[in-house]
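Under my numbering, the first residue of the sequence shown is numbered 1, with each subsequent residue one higher. Every residue, glycine too, gets a C-beta built ideally from N, C-alpha and C.
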Amino acid sequence: LAMPFGLKLRRTRRYNVLSKNCFVTRIRLLDSNVIECTLSVESTGQECLEAVAQRLELRETHYFGLWFLSKSQQARWVELEKPLKKHLDKFANEPLLFFGVMFYVPNVSWLQQEATR
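In structure tokens form, the structure reads like this:
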């Protein structure tokens, strides 16, 4: 592939954004769609949750959380304050997260945002 200024780049079929300090995780949403997030290895579960909420245009994030399947196939909530990659590497069966409802309100009218309902 010829580039301006004499730069030569090889044509590859892969798009690789991974480096030593980044990783990609998949998140299965409530409607079963899957999205991907590219995070730094230092990113916390909270940062991942905020990235998901931003894509969903969701502001009331305190009702939601992220969970994963452990190596023994048990559902475990992500500890939001801990680095996500270390947490997943240590406990998860695979780097797949699930976006889930952690807290329910007795009356849906208490929720301010339609997207939360």
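Taking Cβ positions, are C48 and C37 nearer each other than 7 Å? Numbered from its first residue, the sequence shown carries residue 48 at position 48. Numbered from its first residue, the sequence shown carries residue 37 at position 37. Taking 7 Å as the Cβ cut-off, C48 and C37 qualify as a contacting pair.
Can you tell me whether E47 is helix, strand or coil according to DSSP? Here residue 47 refers to the residue found at position 47 of the sequence shown. Helix at E47.
Between L66 and F99, which are expected to be in contact by the criterion C-beta below 8 Å, what is the C-beta distance as a whole number of angstroms? Residue 66 sits at position 66 when you count from the first residue of the sequence shown. Residue 99 sits at position 99 when you count from the first residue of the sequence shown. Contact between L66 and F99 holds: their C-beta atoms lie close to 6 Å from each other, under 8 Å.
Reducing DSSP to helix, strand and coil, say where V52 ends up. Translated into positions along the sequence shown, residue 52 becomes position 52. It is helical.
Look up L69 in the DSSP assignment and say whether it is helix, strand or coil. On the sequence shown, residue 69 is found 69 positions in, with the first residue counted as 1. Here L69 sits in strand by DSSP.
Who are R28's beta bridge partners in DSSP? Along the sequence shown, one-based indexing puts residue 28 at 28. Note: R28 sits in a beta bridge opposite V34, F98.
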